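Sequential numbering of the sequence shown, starting at 1, is according to full-length UniProt numbering.
Even for Gly, the Cβ is constructed at its ideal location relative to N, Cα and C.
Fair warning: this is a prediction, and the values are worked out from it, not measured in the lab.
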Amino acid sequence: MASYLENITSIESGSTVNHTLTQTIRRLISLWPWLILSQIFSLLASFIYLRYSTPRYEITSTILVKDDTKGTDLGEAAILENLGLAPGKSNVDNEVEILKSRTLIESVVSDLQLYISYFVSGNIKTAEIYDKSPVILHLIDPKSDQIKRTEVTYKITVKANDQFTLTDKVHTWNQSFGDTFLLPTGEATLRKTIYKPDPENTYSIKISGFESTVSEYSRRLSISATNKQVSIISLRLTDILPRKGEALLKKLTENYLSTSITDKNRIADSTIAFIDQNLHLVSLELKDIEEKIESFRRKNHITDMAEQSRLLLANSSLYDKEKLQVNLELDMISSLQAFIKKNPNGIIPSSIVLQSSDFTLLTDKYNTVQLSRDKAGYNFTGQHPAMQNLDLQLKRIREEIIQHIESKRNELQINKLSLEKKAVTFQTEMDHIPSRQRTFIDQTRQQQIKQELYIFLLKKRIETSISKSSTIASGRIIDVAKAEEIPVSPNRQLTFLLALLSGLGIPLAISGLLEIFTTRVTDKQELIKFTDVPLIAEIAHKRLPGVQVFEQKGRDPISEQFRTFRTNIQFLSAAEDQKVILITSGMSGEGKTFVAINLCSALGLAEKKVILLDFDLRQPKIASYLNITGKGITDFLISTTKEDNLIRPSGLSIAFDVITAGTIPPNPAELILSDKVKSLILKLKETYDYIILDSPPIGLVTDARLLSQYADISLYVIRQNFTFKHQLEDLKGISKSGLLPKLHLVLNDVKPAPGNGYNYGYGKD
């Protein structure tokens, strides 16, 4: 018997984990209609979203950057790295920044007039069209300030006889195709295309702000090097119109490559300009000396002095050749110094000036840095550290070039003085030559010098022009712009997956939140979790009207539960004098009177004499439930009414009697303190096996606490989905205080979970 009582006081206390899993499964089963509805709604929403959302496509292109300086320390990348501007930064990184530059993107937007968009509106959706528009708008001056600020939409209506109507919110234009007309953005023309307008659709033209269009494409354009091991740049763009995106990337790469060719041609153009300038000067000098020779011959009647001077020239040819070379280089140095002084920020000609490998290296290095500074100027201001570092580098290299030129001049001057000394010696030998002969030879020598210089410059100009005509871009297109066939957004697979997940997750989340934030007791596991008071019985939900549900031959679940309840009570009260059972609850409406009446019926039908006392003197209900009239407890306590006159049969069982509350008193608590209560209970113990005290809620009034002194067993009724969880804290306090003897819980109004209904059928008659 003791072992059985221990089992009663720990009903299912060790099954919390299994119950949690089972409860979760049952909750899912209970939610299946909502899960199905949620899935249908989510999938329908995803279909509608995919049907009317605008797909976006990814357009890609790749460019191979030709690193002309690869393998040498004089390259642009090496110079930038030595300057500390970007450690390890390669030529590819520089080209990436150029491709990202706003200047380059502005040129693309302007060339393609991407700030003009064409739309077609159907019954539901408005979509942009690019290369299939029935009309094309051309702005005469697309770079005007008005276009940079304007954003306006025009509705276009195509009429017969090549007429059209263009309207905005304020103005209307009736014009012919091909005519020039004035818009707020400036002069414009409208022409037809090969595509015919659909009369059921509406067409419109939107002119966006130029600056905002450039910013939008700059944001959507992604440019990066594929990796650090190769010189390949990847360009990516997302757009709702694949062909429009392809046109943009194609134009971007074309403008980039043409710009790189232009940069390379700047050096050639600077060299050609320098040569042309010097060719003009040498040509004038050569013409002057030839005119002097012609005048000298005419004046002195000289036709041919070759034979006269052949021997002299043969002997002096060695010195003249050396002096010619020295004078030639001195003239070139003078011209170069004048050019550098006149063009402090220009490209310095290299190979045509001084036949020196050191000087060539310096000029190549200077020109490379100068081009780098010009490119950096697209993205940085003059105060930027990168620009200042480049200016410092240019200044240092320029000083080295000037020093080199000056050193070369000094060297040539020394050589010239040496040659002149030798010429003085040779001149002595020529004193015997007639003055005319000597003058003629001098003039001939000057002519020869000028001719050599002219031929040299002319040769270099031809070489530079050939080099310019064969200039190629800094890169080449590997993959032309191509749009993916499958849009990147919306992602159909991901959309359907999210729809399925949301269809499951939303009902579960709502259910979970409701469970988390509910303030009511939902099942017996919460009683086990939040209290240490044993559960003695579970009473199922009563579907039929009336307070009496227990029948002697009843095989319904609730009757079987009261039989189990009766058995547990009999074991708890097996000891002597364990007859008085107090039934209370936390608040009104939890079913303590219902439990009391049916427990008494169960005990009475088990041939146990039982009496139910209605001590809820404030709101008595037993008399009305059982249709009993007459005096009750209040009348007994305030008058001389005898105990035997209070007892009434319940009408439910021969062994089940009732004492009603009687008249409602103004001071029920004071009446319960009367000694007559004790005498009444003692008197009843002599006759009855069980005395059930139906008391008011202990959480509201003190009556139950006063009656607890007479009780042997206390039953605390909790109603599922009715009793508040915070009342369990009060229950824990009552249990710890020991105020209610042998306290046990009764969980009332339990509704079976889906898949876990009650099924009693054993021993049916």
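Q. In chain order, what residues of the same chain lie with their CB nearer than 7 Å to the CB of L272, ignoring the 5 residues before and after it?
A. A small fix is needed here, since residue 272 is Ile in this sequence, not Leu. Cβ contact annotation for I272 (same chain, cutoff 7 Å, sequence separation greater than five): R461, T464 and S465, in chain order.
Q.
Below 8 Å, is the gap between the Cβ of D141 and the nearest heavy atom of the ligand FAD?
A. Among the components of this structure there are no ligands whatsoever, and the ligand FAD is therefore not found.
Q) At which residues does the alpha helix (DSSP H) containing A602 begin and terminate? A) Residues K592 to L605.
Q: Specify the secondary structure class of Y710 as computed by DSSP and reduced to three states.
A: helix
Q. Does the distance from the CB of R409 to the CB of L328 come in under 9 Å?
A. no
Q: For the alpha helix (DSSP H) containing T634, list its first residue and its last residue.
A: I633 to I638
Q | Pick from V230, P199 and S679 that is closest to K66, judged by C-alpha positions | A | V230
(Q) So, for Q448: in the same chain, excluding its five sequence neighbours on each side, which residues have a beta-carbon less than 6 Å away from its beta-carbon? (A) The beta carbon of Q448 is closer than 6 Å to none in its chain, skipping five residues each way along the sequence.
Q: Could you check if A247 is buried or exposed, using at least 16 other CB atoms within 10 Å of its CB as the buried criterion?
A: buried
(Q) By the DSSP assignment, the alpha helix (DSSP H) with Y52 in it spans what residues? (A) W32 to Y52
Q. Which residues bound the alpha helix (DSSP H) around V369?
A. S357 to A376
Q) Where F496 and T167 are concerned, what is the direct C-alpha to C-alpha distance, given to the nearest angstrom? A) 42 Å
Q) Considering only residues of the same chain and omitting the five flanking positions on each side of S260, which have a CB-CB separation below 8 Å? A) A473, S474 and G475
Q) How many Å lie between Q39 and K132 at the Cα? A) 40 Å
Q) Where does L64 sit, in a helix, a strand or coil, going by DSSP? A) If DSSP states are grouped into helix, strand and coil, L64 belongs with the strands.
Q: Output the distance between the C-alpha atoms of I441 and I293, rounded to the nearest integer angstrom.
A: 10 Å
Q.
Tell me which residues share the same chain as F636 and place their Cβ nearer than 6 Å to its Cβ, disregarding the 5 neighbours each side in the sequence.
A. L646
Q) In angstroms, rounded to a whole number, what distance separates the CA positions of S121 and Y52? A) 13 Å
Q. How close, in whole Å, do the beta carbons of T519 and F724 come, if the pair is a contact with beta carbons under 8 Å?
A. So it is a contact: roughly 5 Å between Cβ atoms.
Q. Going by alpha carbons, who is nearest to K41 out of L612, Y710 and A499?
A. Looking at the sequence itself, residue 41 is Phe, so the reference to Lys does not match. If we check each option's Cα against that of F41, A499 comes out closest.
Q. Going straight from the alpha carbon of T702 to that of Q578, what length do you get?
A. 23 Å
Q. Would DSSP call G505 helix, strand or coil?
A. Helix, per DSSP.
Q | Stretch-stretch touch, CB-based, cutoff 8 Å, three pairs: the region 604-611 with the region 681-690 | A | The region 681-690 and the region 604-611 touch, with three or more beta-carbon pairs separated by less than 8 Å.
Q | Length of the line joining the Cα atoms of E76 and I194 | A | For E76, the predicted structure reports a pLDDT of 42, less than 50, and the residue's modelled location is therefore unreliable. A value from the coordinates is still provided. Roughly 49 Å separates the two Cα atoms.
Q: Look up R56 in the DSSP assignment and say whether it is helix, strand or coil.
A: Here R56 sits in strand by DSSP.
Q: Go to N174, then tell me how far its alpha helix (DSSP H) extends in each direction, as first and last residue.
A: N174 -> not in any alpha helix (DSSP H); beta strand (DSSP E) instead, spanning T172 to S176.
Q | Where R543 sits in the DSSP three-state scheme | A | coil
(Q) Quick check: what's the CA-CA separation for V746 versus I506? (A) 35 Å
(Q) By alpha-carbon positions, which one of Q493, P665, R705 and Y625 ends up nearest to T584? (A) R705
**Q.** CA-to-CA distance, V533 to E729, given in whole angstroms
**A.** Going from the Cα of E729 to the Cα of V533 covers about 11 Å.
Q: Note down, one range per segment and in chain order, each alpha helix (DSSP H) of at least 4 residues found wholly within the region 218-283.
A: none
Q | Contact set for K375: own chain, Cβ-Cβ below 8 Å, skip 5 residues either direction | A | N94, I98 and D263
Q: May I have the straight-line CA-CA distance separating W173 from K125, to the nearest angstrom?
A: 26 Å
Q | Alpha carbon of K192 to alpha carbon of Y130, nearest angstrom | A | Looking at the two C-alpha atoms, the distance is approximately 14 Å.
Q) How should S226 be labelled, buried or exposed, when 16 other C-beta atoms within 10 angstroms of its C-beta is the threshold for buried? A) The sequence shown places Thr at residue 226, rather than the Ser named in the question. With fewer than 16 other Cβ atoms within 10 Å, it is exposed.
Q: Work out the CA separation of I289 and Q446 for me, nearest whole Å.
A: Rounded to whole angstroms, Q446 and I289 show a C-alpha spacing of 7 Å.
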